[in-house]
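Working notes for the structure below.
Numbering (the working numbering), first residue to last: 6 to 120.
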């Protein structure tokens, strides 16, 4: 049996852009993706602290050090620039893997940069 386990999160990032006229996804600063062990194309859950929305899309790598957190396509309707979001990933693991797994938590500053 495989368990779906919390893999990583970027906690309290600030939305910098919302681009309705894009195919879809979320663009995330590449440095934040690396720190949180998030892969381009990986499924990601977004929790909006400002309005309570929870939704999923996939990650696109943004320019490293840019601080970009941009919701694209229909997801752009679920946020406002300046909203605070939590970006969460999960992984399928066996019981043994899950027992030894250590989730990664990333806490960016107010400009979505690593301190």
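All residues carry an ideal CB built from backbone N, CA and C; glycine is no exception.
Residue i versus the options, residue with shortest Cα-Cα distance
i, options, result
"residue 44", "54, 31, 85", "31"
"residue 17", "106, 28, 37", "37"
"residue 64", "80, 54, 11", "80"
As assigned by DSSP and simplified to three states, the class of residue i
i, result
"residue 7", "coil"
"residue 24", "strand"
"residue 17", "strand"
Spatial neighbours of residue i in its chain, beta-carbon cut-off 8 Å, leaving aside the 5 residues before and after
i, result
"residue 1", "In the structure as shown, the chain starts at 6 and stops at 120, and residue 1 therefore has no counterpart that could be examined."
"residue 66", "32, 33, 35, 38, 45"
"residue 61", "48, 49, 50, 51"
"residue 28", "77, 78"
Contacting residues, own chain, Cβ-Cβ under 7 Å from residue i (five flanking each side not counted)
i, result
"residue 120", "114"
"residue 19", "74, 87, 89, 115, 117"
"residue 7", "97, 98, 99"
"residue 106", "10, 98"
Chain C contact for residue i (CB, 9 Å cutoff)
i, result
"residue 13", "Of the protein chains in the structure, only one exists, and it is not chain C."
Residues near residue i in its chain [Cβ-Cβ closer than 6 Å; skip 5 each side]
i, result
"residue 52", "59, 91"
My parser needs the alpha helix (DSSP H) runs of 4 or more residues fully inside the segment 77 to 114; what are they? The segment 77 to 114 contains these whole alpha helix (DSSP H) runs: 100 to 105.
Unbroken stretches of the alpha helix (DSSP H), 4 residues or longer, contained in the segment 26 to 85: 35 to 40
Across the segment 72 to 79 and the segment 99 to 107, are there enough close Cβ pairs to call them in contact, namely three or more that are closer than 8 Å? no
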